[in-house]
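This report refers to the structure that appears directly beneath it.
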Amino acid sequence: MALRDFGGQELEIDEDGFIQDPGQWNQTVATVLAQDEEVPELTDEHWKVVNMIREYYLKFGIAPMVRKVCKDTGKDLKQIYALFPSGPAKGACKIAGLPKPTGCV
Amino acid sequence: MVRQPGIKDISELSDQLVELDPKELMPLPYPYDDRDTQADLKKLTEAQRQRLEASLDGFTALQLAIPKTKEEEDEFVRQFVTGVGKLLSEDDNWAFLGPLMLRLDYCAKCQSCAEACQVFVGSGRQEIYRPNYRSELLRRIIKKYYSPGGKLLAKFNGADIDVNYKTVARLAELAYRCTLCRRCAAACPIGVGNAMITREIRKVFSQEMGIAPTELHKGGTVKHLATGSSTGMTPAAFADLVEFMEDEVEEKTGMRFKWPIDKKGADILLIHNAGEFMAWPENPEAFAILFEKAGVNYTLSSELLGYDAVNYGLWYDDVQFAKVALKHIAVAKKLGVKKIIIGECGHAHKAITVVADRILAGDNQIPRESSYTFLADLVERGLFKLDPSRNNFPTTLHDPCNVVRLMGIVDPQRRVVRAVTPPGSFREMTPHGVENYCCGGGSGFAIMNALNFPDWRNAVSGRMKFKQILEAFGPELAPDVLDPSQPKYVVAPCSNCKGQMRGTFEYFDATAKTGIRYTGMVELIVNAMTDFEKPFLNPEEEF
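Rendered as structure tokens:
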């Protein structure tokens, strides 16, 4: 595990750059992670998806299924990919401070 | 030319034993037949190479930290040699000692297994991936340390190998270059397989040294036992997902019904791989529709582990395996069901039906059945109104190794696919059935997604299956069939195989270039049902 500087705050990340403790996530962390995922700027539309994923994770301990993200944010999959080029699982979930997904997903 | 090292070269002190060249991997058919435009294999960065052990072939499955001192290196070797000793002990390895010794002692080194191995052939016949290269390393280490006069007589009795840090570190990675598909055992004239030897090596690293891929151990069995699922899904999350899927079923089919959960008095406990709920919800949805329509008296479970059939211990660790298997049985016993049905997950079939059989005694012996045979029976009893022309696209069938080669379930899934597809649209891969090739993601590879390992899995271990799929739909059979505008489906009734296909198809950009997609089997049945107005499968929806 390596440490990475997120605007003055040092956080542990895994080999693929996912933060390890979702409790230490904040908007600055999200902005830094967004740079890695080809999202130069987090707009309101991005935040809508990021916040939905994060709230679901805090409640249930897993990422929401992609179709639920679409339904709850009123976006189709193409729009999600337009916002997050690396996809909902790799891109949006990472920016929302979730650890890397596990299991056969 | 890629270098072809001999067995003794494994201990050389170089930074990297072999460097793969994408152009020298096994050639692929149209439209991937231009060797000069093969996709690259991702390399580790220099900083990663300084920290992580990748001296076998430049890839890392284990992300082992490179030791900083000679003492650490020596300790690493000592622990491994001690662990190998335990493999040979009746007390420490009672379950597998017998079969292991047969495999170690009776190999005649005829190399029949080599041409049977999709990793060896797919790699362009790289010596280090030859199945018996790995097995022979373990044999020599055992001879050196655990036979009378081993070290002294090394040169004369086949124990001639230097066992240093590099030897052991490379062997650790090499244990994760085999998918445990057991095709080599089927090809061997006397049934000696290398897969079990590979798994025994993995076991030493895990049980003696605490070394296993993060995805299988920390994010796998450990998480499974702690939260109820390797995905981290808690019972509350499971309940939320079921609610969502009930809504989806209504939207797609107009059918509104509650899914049975923890239903006392049910005859059957249906256990899915929990990955399905998150990545391919249409699969458990299709099961729910079919079981509801057929009037099956079944239940799902919301108990910890009762909603996740996976058992990653099967791939690397006996202790973790037994813990998970016994929990699955306990959930079924508590519900009082007469039988467990396993969803579309290959390794879960092997885990709970075959391997767990060795540890289940007395009233723990609850009957277990594959969903393939169970569904074939429902379809053949005429319980569903089917119109095969609704599946009006070419299909082929992938055989998950654990269900087909290991358990011998070959025909039922074919009868199902033929019953729900128009005549002439289903084509077999060559070879298929018990001679099938692994998807390339077996033994956990499909979920091992860190650093550059996915490139190895997609380009090397998944190469043979990808070739077979292209050939099944290939231009020799029908000139236009690889036209990307014509959707075609690989039916893959296994979560792990689907995950691998998702990865390979993405790596080769296959859906855009050829129109090839994958699906589970139950989705195809529901798609043929005349009860519903809208199709259940949506070729435009890719996750």
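Going line by line, the protein sequences match chains A and B.
Counting from 1, position 89 in the first sequence corresponds to residue 89 in my numbering; the numbering is continuous, with no gaps.
Counting from 1, position 430 in the second sequence corresponds to residue 1430 in my numbering; the numbering is continuous, with no gaps.
The beta-carbon is built from N, C-alpha and C at its ideal position, and this holds for glycine as well.
- About 12 Å separates the beta carbon of B/A1039 from that of B/F1466, a gap too long to meet the 8 Å contact definition.
- Here the alpha carbons of B/I1409 and A/D36 stand approximately 46 Å from one another.
- Inside the region 1036-1088 of chain B, DSSP marks whole alpha helix (DSSP H) runs of 4 or more residues at positions 1046-1051, 1070-1087, from first to last along the chain.
- The DSSP-derived three-state label of A/F6 is strand.
- Between B/P1487 and B/F1393 a beta carbon distance of about 5 Å is seen, short of the 8 Å cut, so the two are scored as contacting.
- Ranked by Cα distance from B/E1019, the options B/Q1050, B/S1123, B/I1066, B/R1078 are led by B/S1123.
- The Cβ of A/K94 sits no closer than 7 Å to any Cβ of chain B.
- In this structure, DSSP gives B/I1201 a helical state, which the three-state scheme calls helix.
- For A/E37, the nearest beta carbon of chain B is not closer than 7 Å to its own beta carbon.
- Between B/S1135 and B/N1194, the C-beta spacing is below 7 Å.
- The beta-carbon of A/D16 is placed less than 7 Å from the nearest beta-carbon of chain B.
- B/G1232 is a Cβ neighbour of A/I62, given a cutoff of 7 Å.
- If you draw a straight line from the Cα of B/K1293 to the Cα of B/V1324, it is about 32 Å long.
- As DSSP reads the structure, B/S1370 sits in a beta bridge with B/I1342.
- Boundaries of the alpha helix (DSSP H) around B/R1415: 1411-1420.
- Burial check for B/Q1413: the Cβ neighbour count within 10 Å reaches 16 or more, so the residue is buried.
- Within the model, the alpha-carbon separation for A/G7 versus A/N26 is close to 11 Å.
- By the Cβ neighbour-count rule, B/L1406 is buried, with 16 or more other Cβ atoms within 10 Å of its own.
- Here B/Q1320 is not near B/T1214, since their CB atoms are 7 Å or more apart.
- Burial state of B/Q1500 is buried, judged by a 10 Å Cβ sphere holding 16 or more other Cβ atoms.
- Collapsing the DSSP output to three states places A/E12 in a strand.
- Contacts with chain B at 7 Å (Cβ-Cβ) do not include A/G91.
- Only those residues of the region 1225-1243 of chain B whose C-beta falls short of 8 Å from the nearest C-beta of chain A are listed: T1227, S1229, S1230, T1231, G1232, M1233, T1234, A1236, A1237, D1240, L1241.
- Shown here for B/L1397: same chain residues with a beta carbon closer than 6 Å to its own, the five before and five after excluded, namely V1417, V1491 in chain order.
- Positions of the alpha helix (DSSP H) runs, each at least 4 residues long and wholly inside the region 1156-1240 of chain B, are given as 1165-1174, 1183-1187, 1195-1203, 1222-1227 in order along the chain.
- Contact check for A/K78 and A/D16: beta-carbon distance about 25 Å, past the 8 Å limit, so the pair fails to qualify.
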